[in-house]
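If you number the sequence shown the way full-length UniProt numbering does, the last residue is 1157 and the count never jumps.
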Amino acid sequence: MPMTDDDGFEALLEPFYNGKKLTDPISTKEDKYQLLPAFLKVKGLVKQHIDSYNYFIDHDIKEIVKANRIIRSEVDSGFYLEFLDIRVGMPTRGDAGQSFKAKNHVTPMECRLRDMTYAAPIIIDIAYIRDKKKIIRRNVPLARMPIMLKSSKCVLAGATNHKMQLMNECPLDPGGYFIIGGTEKVILIQEQLSKNRVIVEADDKKELIQASVTSSTHERKSKTYVILKKDRIILRHNVLVEDIPIAIILKALGGLSDYEVIQLVAGSDGRYQDDFALNFDEATRVGVFTQQQALEYIGARVRMGSKGKPQFGPAPRRNNVEEGLDALANIILAHVSIEGLDFYPKAIYIAMMTRRVLMAFHDPKLVDDRDFVGNKRLELAGQMLSLLFEDLFKSFLTNLRMNIDKVLKKPNKAIPFDPLTSISGTGGHITQGMNRAIQSGNWSVKRFNMNRAGVTHVLSRLSYIAALGMMTRITSQFEKTRKVSGPRALQPSQWGMLCTSDTPEGEACGLVKNLALMTHITTEVDERPVKKFILTVDSNVEPIRNFSGSEMHQAGAYIISINGTPFALTHYPKRFASKFRTMRRRGWINPFVSINTNSHFNTIFIATDEGRVCRPYIIVKNGVSKLQPEHLRLLQQGKVGFDDFLRKGVVEYLDVNEENDALIALYESDITQITTHVEIEPFTILGAVAGLIPFPHHNQSPRNTYQCAMGKQAIGAIAYNQFNRIDTLLYTLVYPQRPMVISKTIELTSYDKLPAGHNATVVVMSYSGYDIEDALVLNKASCDRGFGRCQVFRKYAAELQRYPNGASERIGQPETDPMTKQKIAKHEVLDNDGLARVGWQIHNGETMVKKETPLDTGATIGENKSSNEYRDTSMAYRIPDPAFIDKVMVTQTERETVLVKVQTRQTRRPELGDKFSSRHGQKGVVGIIVDQEDLPFSDKGLVPDIIMNPHGFPSRMTVGKLLECLTGKASIVHGRKKYGYGDAFRSHPVEEVSKVLVDHGFSWEGKDYFTSGITGEPLEAYIFNGPIYYQRLKHMVQDKMHSRARGPRAILTRQPTEGRSRDGGLRLGEMERDCLIAYGASQLLLERLMHSSDGTSVDICQRCGLFGYKGYCQTCKSTREVTAMTMPYAAKLLVQELISMNVGVRLQMEDEFPHPR
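Next comes the structure, spelled out in structure tokens:
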């Protein structure tokens, strides 16, 4: 493939690290960085979403259908319907678009513009019996599945830049989101405790230790607890009415003798035997000695409602023993499957949980940490959709079965029954269910009683980095209101997996995290081949089924558990683990299977499940890194990719648990004989957003966190196709510049192709007093030349509805003034077709689309007497500042109604109060804009764009900003990009940079001689100056400025409305009231709280103290003592509301002119 065709990562790989040629020598120490672009080429920044979705589309969906394959009918025993296969096609237009048989594929851009859903048909093959013959139907459409952009089913998958251009798509767009009804929706990554794993917790308040497991299978989800409380061990589960002593459970599982039970739990360890022996007394006390009695005891305590699924008709009454058997086999610890009533594996599992509880009782250090990243699983779009689809598919099956039964019940059928019609009829529920869930973000799965809100968010398109940061965001299930510090703390195990800086400040701090650069999230790996491998890798491994308890807990015996369930036993754990790893490195076992040894529990844990976070490392053997220069040479020539390194055993993925067994060197120089791995590149512990900061390791850490929040608000270019899109709100910078000082992350994320900011020449000095508290002084000439200038685009959409009686809305013509025959002022912008003219300036209150709605919209029955009158429902421009009409688009939606979108444009230059920020969390507003001739100038004639107050540095300790200034200056005067790298954790060549400055006639410390522009005298000191990258943030004065004289009021209280959008008033709150009281300004208080707000005149009767009306008191039936008063309307309302609740309120008045006593 020629390089000209594709930019992106190709451009990065071509020059190969600082412009090295193919002939230059390669040192693995510096050039192992090349693995990073190679990794991102394979995995990408949002690849975890796409991988997960692809897995769902290709495997999960087939498994779900396979599990519920056959429908049988209660009515006709000869009938059945079987689903043979299910697959997802390529995206198509909805039903309406199929009529004219469009030749081309539907593109995401078309869906955005036409407010469509980007979806593909789900196609099934079915077989069923009709007239006693088996009939196979292929390619039956079932429903429509929303398609994730850049997934394997998307038209953008693997497209070159040229193809992307033809489809009006941006090649740098990350993908990984859905388009539902024209809006871009992201399913955020959800963080959860891992399923099917034992977690031991101690509760000091209640003095109990519990081991809990959340069992999750396709059928059910439940939680089982083994609890140690005051020397009693009990098992608790929702299906059981009361807690059951552990001895009874273990007796019921497989009829073991007491001796075998105590060996299973404790082995030969005397401490555990003594602790556990007490529990046999519990069983004896209730008279349970045999397995039969134990099952009887358990079955009597099984809840009635939970007998599997409710059958139609009366369920057969089972005796207690069968109840107990069923509960133990299928409900308690559902993920440990029972084959042929062999309960021994389940007995081992429960004994293991009991043993863990006893161990934690003796050694409190063995309690698990819920916040440890290895105990967490991340749920991605694929898993969330798979839960949802399974639920919808099951409800679809019940509906279908009911329909089939309904038809088959009829005795005499004219034509043989064909289920195709009912399939296509009820399949629409699946489509609607998926769309509704992604649209609203409410995930409700009935089987698991799961109700989650806020799973999806609208993709934030403020800037390219905001969209990218959103794709790597992780939300956890904790409530934000509770002030718990545990989940919020930075865990040491987050190293390299989650970004250490990128978290919001405020209430969600530490609960919303972001993925680091090189992380990958695993998809599910089938565990059956792995189980086969475990038994064949080493001759010493045997299934745990063959051992008794005493053999399991022998010294030196290690249990091999796969996904948390004990599976086999070995006496040579180290040998087994190293053989297993070797097989994985050779590619016999999936690279994402992890293995780690735990010497506390004498267990080897092997994990194949989905949602584990992992990242790649270079393997080190005998103190030598496996990555050799020739590997990098092949990579440079484009002959191998990252996956080849994986197969050759050069790199491997470690998840958090396996990382604990590894000794990882940060740099090649740190490798010793016992090192197992070496880090590919240390700066990858930061995420994509924190990677924008130059020299983050020289800053105080909260400053980096602030920049992560502000980098997402910087205005810049959002995509190459930004002017073809019509977004609700789009901010673009007029001439965005690539930062002078960049980092490797900036190149990898293509931020230098879609930047958000300008390189400003900054002078650090106090000037004019308008720069206190972080305010900036701006150069007026720079603003004239376009510094910080931005454009704001807004979208206004109008859809012409259709009504049941055939009437529909229409676009009318502009009205003309009958006297002058000119268009009326409010329709000045409209063309003759009733739409705004492109390029005209539009002011507040003017009309953009003259839409008209018919008066009569009801469905008329009988004679057609619908009138042809229309009322004006046109769309007006409501923003105080004028704008220009940029685009007008007329199209049709999927429902074949006309849709009009108007885009307006405003160009804004920086003004007082606009917010700017550098990349180091140094935010400030513009304090004054000064003419260029009044600003200081250097002896080279240089005049600053921005003057920054030096008081911003000492307390904030953002040394990175000073280094950015110096480095940028050196790379400019020398004209070399090499100095412009500000990567994290690199030794910075300050001496070298200073030498370059001196060589070019500058001071080594970056200071220059400046002359005052006002007096013409030299300033008293040399002043530090240089280029710093400044970002313009989206908070602008124009959008926030607000004042009001008179205006709208709330109807109920007659007080001014609230908020800028409703033209609301400025509230004098309780604290302001306190100040005025303390000041004694009573008349001002009266004016603000009553006259300017909701003063109203009421009539009050002085005799009875109730309200009168028009000078007449209803209660006293007289007009004698009725007086007019002014009081707040809210107070009058309160009195009347209290009276309506039968609370009498009587108002007593003082005399207006009291008599002197």
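Cβ atoms here follow ideal geometry from the backbone N, Cα and C, with glycine treated the same way.
The structure presented is a predicted model; accordingly, all values stated were derived computationally and were not measured.
Out of K32, L380, F276, V792, which has the shortest C-alpha to C-alpha gap to F361? F276
Can you tell me the Cα-Cα spacing of residue 1174 and I1023, whole angstroms? The first residue shown for the chain is 1 and the last is 1157, placing residue 1174 beyond what the model contains.
Using DSSP with H/G/I as helix, E/B as strand and the rest coil, what is V898? strand
On the three-state DSSP scale, how would you describe D274? helix
Mind reading off the beta-carbon distance from S238 to S222? Whole number of angstroms is fine, and I expect it under 8 angstroms. Residue 238 is actually Asn in this sequence, not Ser. Between S222 and N238 the Cβ distance is about 6 angstroms, and since that is below 8 angstroms, they are a contact.
Spatial distance of P954 from G924 (CA atoms): 16 angstroms
Three-state class that DSSP yields for A607 in the structure shown: strand
Compare the Cα-Cα distances from G845 to each of P245, S874, G1013, T705 and report the closest residue. S874
How many Å lie between F16 and L35 at the Cα? With a pLDDT of 43 at F16, under the threshold of 50, the modelled position of that residue is not reliable, and the figure given next carries that caveat. Distance between the alpha carbons of F16 and L35: 11 angstroms.
With distance defined between alpha-carbon atoms, name the residue in V734, K795, I430, Q713 nearest to L388. I430
First through last residue of the beta strand (DSSP E) which encompasses A202: 198-203
Below 8 angstroms between beta carbons: does that hold for I595 and A577? yes
From this set, G176, E524, L634, L400, which residue's C-alpha is nearest R473's C-alpha? G176
Burial state of T284 (16 or more Cβ within 10 Å): exposed
Within its chain, find whatever has a CB closer than 6 angstroms to the CB of A96; leave out the 5 residues flanking it on each side and keep chain order. For A96, the predicted model reports a pLDDT of 49, less than 50, meaning its position is unreliable and no value from the coordinates is stated.
Rounded C-alpha distance that separates S152 from F39: 19 angstroms
Straight-line Cα distance separating E911 from R789: 10 angstroms
If V226 sits next to I350, beta carbons under 8 angstroms apart, how far is it from one beta carbon to the other, in whole angstroms? 7 angstroms
For A665, which beta-bridge partners are listed by DSSP? V678
Whose C-beta lies closer than 8 angstroms to the C-beta of E933 among residues of the same chain, with five residues either side of it excluded? G1013
Rounded C-alpha distance that separates K134 from I71: 14 angstroms
Could you give the first and the last residue of the continuous alpha helix (DSSP H) run that contains residue 1164? There is simply no residue 1164 to check, as the chain begins at 1 and stops at 1157 in what is shown.
With DSSP as the reference, label F39 as helix, strand or coil. helix
Along the beta strand (DSSP E) that carries S550, what are the first and last residues, could you check? Careful: S550 lies outside any beta strand (DSSP E), inside the alpha helix (DSSP H) at 549-552.
With DSSP collapsed to three states, give me the class of A714. strand
Whether or not the stretch 510-518 and the stretch 489-501 are in contact is what I'm after, with contact meaning three or more pairs of Cβ atoms, one per stretch, closer than 8 angstroms; do they touch? yes
Please go through the same chain and pick out, in chain order, the residues whose beta-carbon is closer than 8 angstroms to the beta-carbon of T1057, but skip the five residues on each side of it. G1047, P1048, R1049, A1050, D1063, G1064, G1065
Can you give me the Cβ contacts of A709 inside the same chain, cut-off strictly under 7 angstroms, excluding the 5 residues immediately before and after it? P504, E505
L156: which of V106, K195, I187 sits nearest, CA to CA? V106
Is the Cβ-Cβ distance between V476 and F372 less than 8 angstroms? The sequence shown places Ser at residue 476, rather than the Val named in the question. Contact: no.
Quick one: Cα of F793 to Cα of F1010, how far? 41 angstroms
Residues that I234 bridges to, as DSSP identifies them: I227, P245
Leaving out five residues on either side along the sequence, give the residues of the same chain with a beta carbon under 7 angstroms from the beta carbon of E542. A568, L569
Note the first and the last residue of the continuous beta strand (DSSP E) segment covering S917. 915-918
Anyone know if the C-beta pair for G982 and S743 falls short of 8 angstroms? yes
On the DSSP letters alone, give me the boundaries of the alpha helix (DSSP H) that K163 sits inside. 161-166
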